[in-house]
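Before any comments, here is the structure.
Numbering (this note's numbering), first residue to last: 1 to 149.
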């Protein structure tokens, strides 16, 4: 089993408010630095994205990939790689937990990445950590700014 990297952040909003921003893929280019384009290709029977194409530009790493999304619980979204130019694996999830007091949400982001080019495991974990930390900070700023979905 591949190793994964995870990190958490507390956001001053309810899980529903946070999930509405996470689920609004069309607006990802506005708050996720690396995502330059996002296109929902398919939706499930509840109208949530089930397949999304993302164009990334993270400096040295540029990629056009498609992810399959599942929504196993109201406060969980998970994804896995369908196709990519540079990646072999991209599995991840956001899990939201209402924090004490009911006005904050603990968001945990878990990610497993495998690239097609050789890369030391230590470097890959560091890259995963950077991706996660940037995404969580961007999500927090987006939700708390009131510009969410």
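Yeah, the Cβ is synthetic: ideal placement off N, Cα and C, and Gly gets one too. Computed from a predicted model, the values in this text were never measured in an experiment.
Extent of the continuous alpha helix (DSSP H) run through residue i
i, result
"residue 20", "15-22"
CB contact flag (residue i, residue j, <7 Å)
i, j, result
"residue 90", "residue 115", "no"
"residue 11", "residue 18", "yes"
"residue 52", "residue 67", "yes"
"residue 5", "residue 111", "yes"
Check: residue i C-beta below 6 Å from any heavy atom of the ligand SAM
i, result
"residue 141", "Absent from the structure shown: the ligand SAM. Ligands present: none."
CA nearest to the CA of residue i, picked from the options
i, options, result
"residue 141", "13, 6, 4", "13"
"residue 74", "97, 83, 57, 80", "97"
"residue 76", "100, 113, 109", "109"
"residue 70", "44, 63, 84, 62", "44"
"residue 78", "138, 34, 130, 48", "48"
Residue i burial status per 10 Å Cβ neighbour count (16 or more: buried)
i, result
"residue 145", "exposed"
"residue 1", "Its pLDDT being 41, under 50, residue 1 is placed unreliably in this model, and the value from its coordinates should be taken loosely. When all chains shown are included, residue 1 counts as exposed."
One or two residues paired with residue i in a DSSP bridge
i, result
"residue 85", "None; residue 85 has no bridge partner."
Span of the beta strand (DSSP E), counted from its first residue to its last, around residue i
i, result
"residue 106", "105-115"
"residue 34", "From DSSP, residue 34 is part of no beta strand (DSSP E); its letter is neither H nor E."
"residue 6", "5-11"
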